[in-house]
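To keep things clear, I will list the structure first and then write my remarks on it.
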Amino acid sequence: MNKPIVEIAGTGRYTPERILTNEDLSKMVTTSDEWITERTGIKERRISSDTETLAYMGRIAAEQALEEAGLAADQIDTILFATASPDRLLPSTACDLQAALGAENAAAMDIGAACSGFIFAVTVAEGMISSGKAKNVLVIGGERLSRIVDYEDRSTCILFGDGVGAAIVRPATGDRGVVSTYLKSDGRLAELLWRPAGGSSIPASAESVEDKSIYMQMAGPEVFKHAVKSMTDACDRAMEMAGLTGDDIDVMIPHQANVRIIKATAKHAGMPMEKVVVNVDRFGNTSAASIPIALDEQIRAGTIKKGDTVLLVAFGAGFTWGSMVVKW
Ligand SMILES: CC(C)(COP(=O)(O)OP(=O)(O)OC[C@H]1O[C@@H](n2cnc3c(N)ncnc32)[C@H](O)[C@@H]1OP(=O)(O)O)[C@@H](O)C(=O)NCCC(=O)NCCS
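Sequential numbering of the sequence shown, starting at 210, is according to my numbering.
See below:
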């Protein structure tokens, strides 16, 4: 196995208090608990209140991660906030988090790689640390997708939820840490999963609200096929680069989009479901937050233990996809 450059020294998470169940959704659009459960495996998702901003949720998750890593906020030199639903478009959510956290010595920026954002951001952190530009990096994956979902569109509103996960990435001191990463994108497929308006090409307007282009739009079945293919490929790449096979992996954390995507990916990758983490039933798809939330849950539950080999894999809008093997 490759010698790691960085390790994940601490993790944290925050998920909003409010739960939106399938039953609740069936009163809002024509759907049912049975349909949603069978097609997606999702039973409920968390929805942020007006005060549960990304900076607010991020601060709580970050403080947990800092405590685990034994670091104070002013020791963080870089904040990378992976999100597709920033609190504002300008300035970055990472800057808002920096202020909320009191991380006065940090440079802060957002990373846009949708649901693959956490893996992309950890890889950027690895590069910055490797080149001597950073030492203690706070990586956050966080979303408030409920704010950009159309709750009259039953094909998307059932899928998404809100939450934040955090990790401290710092130089590896031994054999534990990130042993391989793989990143890929295909911008030609952007319109299969996108939010057409709200940026500078089609600014937010009464018209873009009226025609709903301000909300996320998705070609579900197409996205499904690409997700399985790309995540399967990404699993192979990260394991190959680490010189490992599926048998060497103790825990696999796939992006939590849909239980059928997770099962199909695991099957193609030859990974038994006993090794595969699933929490999509409780949180739905929280995009960039899904992997760090699941990671933190597993670490705190003791399911990921020292010495374990963990495979992370994600796919999202862009399209973007990526994977990472981490020796715990
Ligand atoms: C969205 C998704 C659950 C839809 O499931 P599907 O089995 O592909 O269903 P389809 O889109 O083919 O729709 C089948 C039917 O169910 C209907 N339907 C869609 N959403 C529904 C809902 N919430 N409740 C009930 N019926 C629904 C459709 O209108 C369609 O009806 P029709 O046959 O009368 O036209 C599935 O495509 C999916 O999970 N795709 C990937 C999405 C994803 O994970 N995106 C994020 C990637 S990071």
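From the three backbone atoms N, C-alpha and C, an ideal C-beta is built for every residue, glycine too. Note that the coordinates shown come from a computational prediction; the quantities given were computed from them, not determined experimentally.
- Shown here, alanine 478 sits in coil according to DSSP, grouped into three states, outside any helix or strand.
- Two segments are said to touch when three or more pairs of C-beta atoms, one from each, lie closer than 8 Å; by this definition the stretch 495-512 does not touch the stretch 360-367.
- Contact annotation: glycine 407 and alanine 415 have beta-carbon atoms that are not nearer than 7 Å.
- Rounded to the nearest angstrom, the gap between the Cα atoms of arginine 491 and alanine 381 is 33 Å.
- One alpha carbon belongs to serine 258, the other to isoleucine 338, and they sit about 36 Å apart.
- Taken atom to atom, the span from the alpha-carbon of alanine 473 to that of valine 522 is near 13 Å.
- Leaving aside the five residues that flank valine 468 on each side, the residues in its chain whose CB is nearer than 8 Å to its CB run, in chain order, Thr249, Gly250, Ile251, Val487, Val489 and Asp490.
- Taking all protein chains in view, the Cβ of arginine 397 is surrounded by fewer than 16 other Cβ atoms within 10 Å, so the residue is classified as exposed.
- For proline 463, DSSP records a beta bridge to Val522.
- DSSP places leucine 392 inside the beta strand (DSSP E), whose first and last residues are 386-394.
- For valine 373, the beta-bridge partners assigned by DSSP are Tyr223 and Gly351.
- By the neighbour-count criterion, in which 16 or more other beta carbons inside 10 Å mark a residue as buried, valine 373 falls on the buried side.
- Spanning the alpha carbons of aspartate 305 and aspartate 456 requires a straight line of approximately 42 Å.
- Sixteen is the threshold: since fewer than 16 other Cβ atoms of the shown chains lie within 10 Å of the Cβ of valine 418, the residue is exposed.
- In summary, lysine 536 is buried, with 16 or more beta-carbon neighbours lying within 10 Å of its beta-carbon over all protein chains present.
- Counting only runs that start and end inside the stretch 271-348, the beta strand (DSSP E) elements of at least 3 residues fall at 287-291 and 316-320.
- If you look at glutamate 431, you'll find it isn't in any beta strand (DSSP E); it sits in the alpha helix (DSSP H) that goes 429-451.
- Within the same chain, Leu306, Ile349, Gly351 and Val373 come within 6 Å of glycine 267 by CB-CB distance, once the 5 residues on both sides are set aside.
- Annotation: serine 532 to tyrosine 391 spans about 5 Å, alpha carbon to alpha carbon.
- In the structure shown, leucine 402 adopts extended strand secondary structure according to DSSP, grouped into three states.
- When secondary structure is reduced to three states using DSSP, isoleucine 269 falls in the helix class.
- Assignment of alanine 413 by DSSP, reduced to helix, strand and coil, places it in the coil class.
- Remark: the C-beta of asparagine 488 is outside contact range of ligand 1, defined as less than 6 Å to any heavy atom.
- When the five nearest sequence neighbours on each side are left out, the beta carbons in the same chain lying within less than 8 Å of the beta carbon of aspartate 283 are those of Gly311, Ala312, Glu313 and Asn314, in order along the chain.
- Serine 499: member of the alpha helix (DSSP H) spanning 499-510, first to last residue.
- At least one heavy atom of ligand 1 sits closer than 6 Å to the Cβ of tryptophan 244.
- Remark: the shortest separation between the CB of threonine 240 and any heavy atom of ligand 1 falls under 6 Å.
- For methionine 237, the number of other beta carbons within 10 angstroms of its own is below 16, and it is reported as exposed.
- By the C-beta density criterion, serine 409 is exposed, having fewer than 16 other C-beta atoms within 10 angstroms.
- Note on geometry: alpha-carbon atoms of aspartate 517 and methionine 461 lie some 11 Å from one another.
- Contact between the stretch 473-482 and the stretch 273-288 is absent: fewer than three C-beta pairs spanning the two stretches fall below 8 Å.
- Taken from the Cβ of valine 432, at least one heavy atom of ligand 1 lies inside 6 Å.
- Under the DSSP assignment, serine 532 falls in the beta strand (DSSP E) whose first and last residues are 529-536.
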